[in-house]
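First the structure, in the form of structure tokens, and then the observations on it.
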Amino acid sequence: MARIIQTSQGKVTRQYLIREEHVSIGRSNKCFIHINEKFISSKHAEIITEEDHHGNKIYFLMDLNSKNGSYINKNKVGCRQLKHKDNIRFGHQFFIFIDDTTEEHEPA
Numbered sequence: 023m024a025r026i027i028q029t030s031q032g033k034v035t036r037q038y039l040i041r042e043e044h045v046s047i048g049r050s051n052k053c054f055i056h057i058n059e060k061f062i063s064s065k066h067a068e069i070i071t072e073e074d075h076h077g078n079k080i081y082f083l084m085d086l087n088s089k090n091g092s093y094i095n096k097n098k099v100g101c102r103q104l105k106h107k108d109n110i111r112f113g114h115q116f117f118i119f120i121d122d123t124t125e126e127h128e129p130a
């Protein structure tokens with residue numbers, strides 16, 4: 023199962039499992055991933071889960087026209103597919119995307 027890990031100063035502070043097709047991220051208390059920071063929009067971004075033509079789950083990060091943007095591997099994105107171990111940033115909050123299904127198929 024995919025998840026994003028929130029980090030601070032190189033240490034894991036929280037983990038969020040991606041179980042739903044749409045996972046909301048923002049300052050609003052209604053967001054699944056609630057981030058109480060002034061640089062985060064009320065509805066900042068969303069992680070969207072889809073299936074490819076083989077039935078494998080694929081994940082996308084979609085910025086919801088936030089004021090300060092969403093970043094994957096230091097690049098500002100509108101909507102982009104997430105890859106295992108991508109670094110994500112919203113405001114001053116840092117996350118790592120983990121896709122356990124990809125991890126299982128990586129060569130040793």
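With the numbering used here applied, the sequence shown corresponds to residues 23 to 130, in that order. From the three backbone atoms N, C-alpha and C, an ideal C-beta is built for every residue, glycine too.
Are the segment 101-113 and the segment 47-62 in contact at 8 Å, needing three or more beta carbon pairs?
yes
For Asn-90, which of Phe-82, Arg-49, Ser-30 has the nearest alpha-carbon?
Among Phe-82, Arg-49, Ser-30, the Cα nearest to that of Asn-90 belongs to Arg-49.
On the DSSP letters alone, give me the boundaries of the beta strand (DSSP E) that Lys-105 sits inside.
Neither: Lys-105 is in no beta strand (DSSP E) and is coded neither H nor E.
State the Cα-Cα distance for the pair His-56 and Ile-47, rounded to the nearest angstrom.
6 Å
Give the single residue among Asp-108, Phe-54, Gly-32 whose Cα lies nearest to the Cα of Ile-94.
Asp-108
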